[in-house]
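FYI, the numbering for the sequence shown is 1 to 526, going by the UniProt record's numbering.
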Amino acid sequence: MAYPPGHFFDYELHPNASEAGTSFYHSHVGFQANTASGPLIVMDYHAPPFEYDEEIILQIGDFYLEDDQTMESCLTSSPNVWPGDPAALMINGHSGLAPYASATNAVDPSCEPWTMNVVTGKRYRVRVIGTTALSLVLFGIIDHDNLTIIETDNSYVNPVETPYMQVDTGQRFSFLLETKEQSQLQQLEGHSKFWIQFATREGASTVYAYAILKYTDIDLKQGVDADGACDYPTGASMWCPGSPPSTPVLDLPTTVTDWLEYTFMNPALPGYERPPNDTEITRRIIINTAQDFDTELGTTVMNMDRWSWFDSPPLGPSVETPYLVEILQNGTINGRVPDRGSINGSGGIDPYSLAYPAWIGEVLEIVWENDASVPGGIYGPHPLHAHGGPYWDMGSGSGSWSAETHAQLLQNHSSNGMPYPGSRRDTTMLYKYALQGQPGVTNGWRVWRVRVTEKNVGVWLMHCHILQHVIMGQSTVWVFGTPDEIKAHTQPVNGSLEGYFTYGGHVVGKTGEEEKGIMVAHFFDE
Numbered sequence: 001m002a003y004p005p006g007h008f009f010d011y012e013l014h015p016n017a018s019e020a021g022t023s024f025y026h027s028h029v030g031f032q033a034n035t036a037s038g039p040l041i042v043m044d045y046h047a048p049p050f051e052y053d054e055e056i057i058l059q060i061g062d063f064y065l066e067d068d069q070t071m072e073s074c075l076t077s078s079p080n081v082w083p084g085d086p087a088a089l090m091i092n093g094h095s096g097l098a099p100y101a102s103a104t105n106a107v108d109p110s111c112e113p114w115t116m117n118v119v120t121g122k123r124y125r126v127r128v129i130g131t132t133a134l135s136l137v138l139f140g141i142i143d144h145d146n147l148t149i150i151e152t153d154n155s156y157v158n159p160v161e162t163p164y165m166q167v168d169t170g171q172r173f174s175f176l177l178e179t180k181e182q183s184q185l186q187q188l189e190g191h192s193k194f195w196i197q198f199a200t201r202e203g204a205s206t207v208y209a210y211a212i213l214k215y216t217d218i219d220l221k222q223g224v225d226a227d228g229a230c231d232y233p234t235g236a237s238m239w240c241p242g243s244p245p246s247t248p249v250l251d252l253p254t255t256v257t258d259w260l261e262y263t264f265m266n267p268a269l270p271g272y273e274r275p276p277n278d279t280e281i282t283r284r285i286i287i288n289t290a291q292d293f294d295t296e297l298g299t300t301v302m303n304m305d306r307w308s309w310f311d312s313p314p315l316g317p318s319v320e321t322p323y324l325v326e327i328l329q330n331g332t333i334n335g336r337v338p339d340r341g342s343i344n345g346s347g348g349i350d351p352y353s354l355a356y357p358a359w360i361g362e363v364l365e366i367v368w369e370n371d372a373s374v375p376g377g378i379y380g381p382h383p384l385h386a387h388g389g390p391y392w393d394m395g396s397g398s399g400s401w402s403a404e405t406h407a408q409l410l411q412n413h414s415s416n417g418m419p420y421p422g423s424r425r426d427t428t429m430l431y432k433y434a435l436q437g438q439p440g441v442t443n444g445w446r447v448w449r450v451r452v453t454e455k456n457v458g459v460w461l462m463h464c465h466i467l468q469h470v471i472m473g474q475s476t477v478w479v480f481g482t483p484d485e486i487k488a489h490t491q492p493v494n495g496s497l498e499g500y501f502t503y504g505g506h507v508v509g510k511t512g513e514e515e516k517g518i519m520v521a522h523f524f525d526e
């Protein structure tokens, strides 16, 4: 829902028990999501399937020196200018690159390391939220490599052990952290604080950030500054000196393409649908994505199956009216209704709307392929995200996708004698397996399966979650269900949808004028 500056819009959500998990809210306009975002946690209605004592939210973001308008101008100019890697990572709003406040050269508190406070002998659920604009981030904790992943993208998974975490923009994970007993800390010379090291991958350079895991229930060592400045000689940087390390304290992997692929599986929880198997697939859609130089525009764009999507014509929608609005008003898109005949021989895309239509009862297998750019031959990583509910991620691989290769990989990662079934996700990686190749040549793929039901009818985006790539056009539009089915799943305000169709309409309020003419409707009982 778009609303003007100085206005507000209240959402009323009614999540089901099966939707408990870790999400985040964020803007979908330009580069705004780099700062206009925050955690959205749906708590379990019943006891969660895994026991833990407390929760901690860990939100990872990017910090750019340039403002949103400058970033957008760089990416949409002719020719465009790539703004590069972020100046810093943000860990719960802290870059972790400056000395503590007690240091004589301290700067703004947001530049100091964020502190994760814990006590001994407890189990913590750490909810990780990737809100970066660009960065794929790895992180680990000194002397704490007992991380157990229990959630991916708002869905519980069977426990998976890992010594470090890997998260890209749009992704969320929960892991269990078992803190040490006091006797174990004594074996580590009584240390009470440990570095958490963050490092980017796949960018032009490596950006580091540091946070601190701090035990708050043990006595400080003799000579320790109570504000946490230092509890160990500065020379021992791997522990916790007064300033962040000048060199890495953890040896995190440089290869990211094989992290826990074909590993996550969902427990049989109420509301978790069974993954579709091979025999249920009704249609396969293969979409190639690449960065290409558009000679007509004189700029570089991100294509999805030869098309780029922007906010307006000529390379965005062919009409100014948003597709969902036109469907609700007229029952059409561009004056037509997408039908099965329009997508024959077109790779699944409707040539009149440039959207991918699908119908209730279909099971789609979507194959995303990563092509080298034209003319440069450069590959890029793409965290691909789907709106409209979870899909089943079926894994990835290098080279070009083939049904035989994929089937063998599923069998190689079998469980209980059955091929790998996939897992519920909403953001997974289309990796780059090489820096450069022949222009237009595929090297890298990922497979999703989507079941179209009454629950997910609507108009949805599937797009790369890198904000720069979205601005450059790396999105696809999907229409699930017929116009009548989509209309049947709307909830009018007092019998009318008109307030949604007008920018700044009567369903939004203005700050300072909360009592003037706002149309209010409650859809759920208190």
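A virtual CB, placed ideally from N, CA and C, is assigned to each residue, including glycine.
Excluding the five sequence neighbours on either side, which residues of its own chain have a C-beta within less than 8 Å of the C-beta of residue i, listed in chain order?
i    : result
F524 : E12, H14
When DSSP labels each residue in this structure, what does residue i get in the three-state scheme?
i           : result
A386        : strand
F524        : coil
R274        : coil
T22         : strand
A407        : helix
V457        : coil
L185        : helix
H144        : strand
F501        : helix
residue 529 : Past the boundaries of the shown model lies residue 529; the chain is included only from 1 to 526, so the question cannot be answered.
G444        : strand
A33         : helix
T200        : strand
N154        : coil
A17         : helix
Between residue i and the rest of its own chain, which residues show a CB-CB distance below 7 Å, the 5 nearest in sequence each way excluded?
i           : result
residue 565 : Residue 565 is absent from the structure shown; the chain starts at 1 and stops at 526.
Y3          : F9, G504, V508
D393        : G422, S423, R425, T428, W448
T76         : I471
M519        : V493, N494, G499, H506, V507
S475        : M304, W309, L461, H463
G389        : K455, N456
S110        : G93, H94, S95
One question on the structure: do residue i and residue j come within less than 7 Å of each other, judged by their Cβ atoms?
i           : j    : result
L409        : G399 : no
R125        : S174 : yes
G130        : V167 : yes
G380        : P244 : no
I150        : L176 : yes
T152        : D62  : no
T200        : V137 : yes
L364        : A355 : no
W309        : G170 : no
I360        : V452 : yes
G6          : T511 : yes
P113        : Y210 : yes
L384        : F31  : no
P86         : Y64  : yes
N158        : M265 : yes
G397        : W445 : yes
residue 527 : S27  : Absent from the structure is residue 527, since the part of the chain shown begins at 1 and ends at 526.
Leaving aside the five residues before and after residue i along the sequence, list all residues of the same chain whose C-beta is less than 6 Å from its C-beta, in chain order.
i    : result
E181 : T120, G121
H387 : W460, L461
P163 : D145
R127 : T22, I57, S174
T282 : E362, V363
N303 : A290, D292
H489 : V457
P439 : A372, V374, P375, G377
Taking Cβ positions only, does residue i come closer than 7 Å to chain C?
i   : result
E12 : The chain inventory of the structure shown lacks chain C, comprising one protein chain alone.
Beta strand (DSSP E) containing residue i: first to last residue?
i    : result
Y356 : 356-358
V470 : V470 -> not in any beta strand (DSSP E); alpha helix (DSSP H) instead, spanning 467-471.
F310 : Segment: none, F310 is in no beta strand (DSSP E) and carries neither H nor E.
T216 : Per DSSP, T216 belongs to no beta strand (DSSP E) and is neither H nor E.
G395 : 391-397
A88  : 88-91
G130 : 123-130
Kindly indicate the opening and closing residues of the alpha helix (DSSP H) around residue i.
i    : result
E66  : Taken as a continuous stretch (DSSP letters only), E66 belongs to no alpha helix (DSSP H), as it is neither H nor E.
I327 : 323-330
E12  : Element bounds for E12: n/a, residue is neither H nor E.
E485 : 483-488
(request) Answer yes if the segment 137-146 comes into contact with the segment 31-51, meaning at least three C-beta pairs across the two stretches below 8 Å, and no otherwise. (result) no
Check your understanding: Would you call the segment 268-275 and the segment 209-218 in contact, with 3 or more CB pairs under 8 Å?
Key -> no
query = Is it true that the segment 480-492 meets the segment 401-415, where meeting means three or more beta-carbon pairs spaced less than 8 Å apart?
reply = no
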